[in-house]
Structure formats: structure tokens, C-alpha cells
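Convert by adding 643 to the 1-based position in the sequence shown; the result is the number in our numbering.
Even for Gly, the Cβ is constructed at its ideal location relative to N, Cα and C.
Data block below; observations after.
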Amino acid sequence: MDTVNVQSGSMEVLDRVEGDLNLANGATIRAKDSKKVLVTGIVQYDGDCVFECSLFANSIRGRNGNLTIQGDLAVEKAIKIHEGSLRVEGNLETVDIKVDKSVVIERNLSAEIVEVGGKLSIGGNTKANEVEVGGTFETKGDIAAQKLEVGGTAKIEGSTTVSKIDVGGTFYGKGTIKAEKIDVGGTYTCESNMDIEELCVGGTAKIVGGKIKGRVNVGGSFDSSKPLIFEVIDVGGKVELRGESEGKKISVGGALRTEGNLKFEDVDVGGTVEIHGDAVGETIDVGGKLSVEKTIKLSGKLAVGGVAEAGNEILAESIGVGGLLKAQKVEASSSVDVGGRIETVYGTKAAKVEIGRKGKIIGVVVAKEVIIEEKAEVEDIYAEYLTMEEGSTAKNVYAKKIRLERECKITGELRYTDELRKDPTITLSKESVKVTELPPPPI
644 MDTVNVQSGS MEVLDRVEGD LNLANGATIR AKDSKKVLVT GIVQYDGDCV
694 FECSLFANSI RGRNGNLTIQ GDLAVEKAIK IHEGSLRVEG NLETVDIKVD
744 KSVVIERNLS AEIVEVGGKL SIGGNTKANE VEVGGTFETK GDIAAQKLEV
794 GGTAKIEGST TVSKIDVGGT FYGKGTIKAE KIDVGGTYTC ESNMDIEELC
844 VGGTAKIVGG KIKGRVNVGG SFDSSKPLIF EVIDVGGKVE LRGESEGKKI
894 SVGGALRTEG NLKFEDVDVG GTVEIHGDAV GETIDVGGKL SVEKTIKLSG
944 KLAVGGVAEA GNEILAESIG VGGLLKAQKV EASSSVDVGG RIETVYGTKA
994 AKVEIGRKGK IIGVVVAKEV IIEEKAEVED IYAEYLTMEE GSTAKNVYAK
1044 KIRLERECKI TGELRYTDEL RKDPTITLSK ESVKVTELPP PPI
């Protein structure tokens, strides 16, 4: 085996080197008869060097400069460049790449392990086992890999098929994304459908729907512009879902908004919820306001600290609202407990209904037990057991057993079948009537 040495600033015409090729700073290599040079050994260079052709070699070692290949580059073993960069104007195929600064490949990249300290730019497709970039990764084509790790920004114009993605700053994917786990420190954007297991983003995530089989964990805001199927959404700030979305658990520190129906198991939001469609699930717990354009249908509890309103019905196992409960009709198999006000067109029906102190109910109430707290106002009541606390007011009352405390007022009629216990200070617009049978409730 022979070693070929090319001096600084000189140009050599080569065809095949049976051994190593050593290049000094400023060296230029041209192909003799074909468009490529074959080196059976190691290509070693120091400084800036150029191949005005394609290069096939056993391995490449370089330092302190830029290596430019004006064609394809095929390396049997490894490429290692210390304090330098690599530019390939065609395809690059090798096993291992380790470059301290930048790598630019105008066409396709195929390798097992890729390590670039600065920027990696691919004009075509990328196929690798592991890609690790300290700064920026860009590809205009597709990427298929087991692992993609980028310290700064990743931008992928084509499709992404990567088991694990870890990006410290910003991730942008224009094509479809298929991955097991994606972890992004800053902003995540996907402009096509996704099929992933887990998404973890420190800042903001914007997607166009798809399927997330595991957990979505976002520190800031999460936005899906098309229907999304998910398991768990856990977001610190704001969530926006468009189209009919379906999943299990949603936990949001700030606000949840949907354009379309939402199916779920549990929704837990610290601030506000706005659903433009139906809300169908097990439980909803909202610290502030819940607004649903159509129907709320829950198999479990509805708990809202402020306002809960629906354009149609509210159906649940139990309902607890601190402020206002408003719907065409409210129905709970267990209890309805509201601190402020209940407004319905067709009424409220439950096993137990309770309105808070100085509260108000607009619409009929049908329940086994009704408790009207101090100085509250209600309309018609149909119940087995009714308790009206001090200073409360009702319109018409139909119940089996009734207890009226001090200064209660009935502005309509009062009928009962079993027992009436009343304070002498109460006011009745008509005499109470004990009957054998109460009139049927309207709902």
C-alpha cells in the first residue's frame, strides 16, 4: 500500500489510491478519467480541502478546516473531523459521522451514527440509527431514525419516522410524524397528522390533529386545529381543540376551548372551559366558568366553582356549582347543590336539590328532598321532603313533608300529604291544604 501526499495549495489528478491520502491546507483533488476518486485507506487532511469529484474511501480524518466534496461521498467506516466542517454536494453514505462544526449534504444522508457539534443541513432524505446535533438540524426531505437529539432547533420539511425525538429548543415538522416519544424544551409545531405515544413540550405545542396514544404534557399552550384522539392531556396554560376530539383525561391550569364535540373521561380545569358542541364524559371539575353550546352529559359529577351553563340539557350523577347553573333542563340522579342561582326553562330534577343562602331558582324543581337555604327565592317545588330556612320564599309547593322556618313566604298554593311543620311567623297567600294525592310533577 502506498501513501499519497498532496502539498498545501496544490492540485492533484487522481483515480485510485491503494493506501492513504494525505492533504495539506488548500489542496484540491480532481478525478482522472471518471467522476470519482477511490481511496482504499484513510483520507487525512488539515485545513480547507476540496474534491472536485465524488469520493469513495475507507475512512476520513480531518482537522482545522472545511472539507468539500463536489459529488457523492461514500465512506466504508467513519468520518471524523475535529474543529472543522463537511460539505457534500451529492449523497453521503457511511457508518459513523463525527464533525465538530457543521455538515451540509445537498442530497441524501445514510449512516448509522451521526454526531454534529453545530448545524446539520440535509437537502434530501435522512436515514440513520442515531442523529445527534448540538445546534440546528434541517432537512428538506424525510427522516427515518431510531433517535434524533438536537440541542437547538429541528426543522423537517418531509415526514418524520423516529422512535425518540429530543429537542432543546424548537421543533417544526411539515410532514406526518410517527414517533414513540417527543420531548421539546421550547416550541413544537406539526403541520400534518401525528401518530405518537407521548408528547412533552416545555412551552407551546401546535398540531393539526391525529393520534397521541399516551400523555401530552405541555407547560404553556396546546393547540390542535383538527380532530384529535388522545389518552391524557396535561397543560399548564391553555388548550384549544378543533373538530370532534376524544380522549380520557384533560388537566389544564388555565383555559380549555373546543370547536366541536368533546368525549372524555375526566376534565379538570383551573380556569375556564368553553365547548362549542356537546360535552360527553364521566366527570368535569372547573374552578371558574364552564360554558357548553349544546348538551352536558356526564356519568359522574359536575363540579364548578363559578358558572356552569349549557345551551341544551345538563345531565349528571351529581352537580355542584358555586355560582350560577343555567340550562334548558338540569337533571342529576343524585344531587344538585348550587350556591347562587339556578336558571332553567323546563326545570331541575334530582334526588336532592339545595340552593344556597340568598340564592334563587328560576324554573320548577322536582326532587325527593329540597333544601331552600336562608333568604333564598324559588318558584314551584315538587318534593317528598321540603325544608325552607329562615326568610326564604317559594311560589307553589307540593310535598309530602314540609318544614317552614321563621318568616318564610309562600306566594302561591301549598299542598302536602303527610306533615306540615311551620313557624307562626310564616306568610301564606292561601291556606295550606292537606291532600291524599299530590299533582304529578311536570318533569
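- Of the choices Leu-905, Val-746, Ala-993 and Glu-823, whose alpha-carbon is the least far from that of Thr-803? As a position in the sequence shown, residue 803 is number 160, starting the count at 1. That would be Glu-823, whose Cα lies nearest to the Cα of Thr-803.
- What separation, rounded to the nearest whole angstrom, lies between the Cα atoms of Ile-683 and Asn-701? Numbered from its first residue, the sequence shown carries residue 683 at position 40. Numbered from its first residue, the sequence shown carries residue 701 at position 58. Note that residue 683 is Thr in the sequence shown here, rather than Ile. Taking the straight line joining both Cα atoms gives about 6 Å.
- Spatial neighbours of Lys-869 within its chain, please: CB distance less than 7 Å, with the 5 preceding and 5 following residues excluded, ordered by chain position. Here residue 869 is taken as the residue at index 226 of the sequence shown, counted from 1. Here the set comprises Val-851, Gly-852, Arg-885 and Gly-886.
- Nearest-angstrom Cβ-Cβ length linking Arg-673 and Cys-696, presumed shorter than 8 Å: Working through the sequence shown from its first residue, we reach residue 673 at position 30. Working through the sequence shown from its first residue, we reach residue 696 at position 53. Contact flag correct, Cβ pair sits at about 6 Å.
- Query: In the structure shown, what three-state DSSP assignment does Arg-730 receive?
  - Reply: Here residue 730 refers to the residue found at position 87 of the sequence shown. In this structure, Arg-730 counts as strand in the three-state DSSP scheme.
- Apply the 10 Å Cβ neighbour rule to Thr-646 and answer buried if 16 or more other Cβ atoms are within range, or exposed otherwise. Sequence index remark: in the sequence shown, residue 646 carries index 3 (1-based). Under this definition Thr-646 is an exposed residue.
- Residue range of the beta strand (DSSP E) that includes Ile-998: Taking the sequence shown and counting its residues from 1, one reaches residue 998 at position 355. Under the DSSP assignment, Ile-998 falls in the beta strand (DSSP E) whose first and last residues are 984-998.
- Task: Output the boundary residues of the beta strand (DSSP E) element that contains Gly-760.
- Result: To locate residue 760, count along the sequence shown from 1; it is residue 117. Run containing Gly-760: none; DSSP gives neither H nor E here.
- Item | C-alpha distance - Arg-1046 paired with Glu-936, whole-angstrom precision | Along the sequence shown, one-based indexing puts residue 1046 at 403. Along the sequence shown, one-based indexing puts residue 936 at 293. Approximately 38 Å between the Cα atoms of the pair.
- Item | Reference Val-793, options Gly-784, Gly-829 and Lys-817, closest by Cα | As a working mapping, residue 793 is identified with position 150 in the sequence shown. Proximity to Val-793 across Gly-784, Gly-829 and Lys-817 peaks at Gly-829, based on C-alpha coordinates.
- Item | Assumed close pair Ile-703, Val-686 - CB separation to whole angstroms, cut-off 8 Å | As a working note, residue 703 is residue 60 in the sequence shown. As a working note, residue 686 is residue 43 in the sequence shown. With a Cβ gap of about 5 Å, Ile-703 and Val-686 count as contacting.
- Query: Is Thr-595 near Lys-1073, with beta carbons less than 8 Å apart?
  - Reply: The question about residue 595 has no answer, for the chain in this structure spans 644 to 1086.
- Those residues which DSSP pairs with Ser-1072 across a bridge: Residue numbering aside, residue 1072 sits at position 429 when the sequence shown is read from its first letter. None, per the DSSP bridge assignment.
- Query: Is DSSP giving Phe-907 helix, strand or coil here?
  - Reply: Along the sequence shown, read from residue 1 onward, the residue named residue 907 stands at position 264. It is coil, neither helix nor strand.
- Item | Local Cβ density within 10 Å of Met-837, reported as buried at 16 or more and exposed below that | Position 194 of the sequence shown, counted from the start, is the residue given in the question as residue 837. With a threshold of 16 other beta carbon atoms within 10 Å, Met-837 meets it and is buried.
- Query: What are the start and end residues of the beta strand (DSSP E) that includes Gly-857?
  - Reply: Counting from 1 along the sequence shown, the entry for residue 857 is found at position 214. For Gly-857, the enclosing beta strand (DSSP E) stretches over residues 853-861.
- Considering only C-alpha positions, which residue in the set Gly-669, Ser-764, Ala-788 and Val-882 is nearest to Lys-807? Residue mapping note: residue 807 aligns to position 164 of the sequence shown, counting from 1. Checking every option, the nearest Cα to that of Lys-807 belongs to Ala-788.
- Helix, strand or coil: how does DSSP classify Asn-707 here? One-based indexing of the sequence shown puts residue 707 at position 64. Coil at Asn-707, not helix or strand.
- Message: Excluding the 5 residues flanking Leu-666 on each side, which residues of the same chain have their C-beta closer than 6 Å to its C-beta?
- Response: Counted from its first residue, the sequence shown places residue 666 at position 23. The residues are Val-649, Tyr-688 and Cys-692.
- Whole angstroms is fine: what's the gap from Gly-812's alpha carbon to Val-827's? Stepping through the sequence shown from its first residue, residue 812 is reached at position 169. Stepping through the sequence shown from its first residue, residue 827 is reached at position 184. Just so you know, the alpha carbons of Gly-812 and Val-827 end up roughly 6 Å apart.
- Query: If you count every other CB in all the chains shown that lies within 10 Å of the CB of Arg-984, and 16 or more means buried, which is it?
  - Reply: By one-based count along the sequence shown, residue 984 stands at place 341. Arg-984 is buried by the Cβ-count criterion.
- Task: Kindly indicate which residue of Glu-1050, Gly-965 and Gly-727 has the alpha-carbon position closest to the one of Lys-1065.
- Result: Locating residue 1065 in the sequence shown gives position 422, where the first residue counts as 1. The shortest CA-to-CA distance from Lys-1065 to any of Glu-1050, Gly-965 and Gly-727 is the one to Glu-1050.
- Three-state secondary structure (DSSP) at Arg-1064? Within the sequence shown, residue 1064 is the residue found at index 421, counting from 1. In the displayed model, Arg-1064 falls within a strand according to three-state DSSP.
- Report back the beta-carbon spacing between Ala-975 and Glu-986 to the nearest angstrom; my notes put them in contact at under 8 Å. Here residue 975 refers to the residue found at position 332 when the sequence shown is read from its first residue. Here residue 986 refers to the residue found at position 343 when the sequence shown is read from its first residue. Between Glu-986 and Ala-975 the Cβ distance is about 16 Å, and since that is not below 8 Å, they are no contact.
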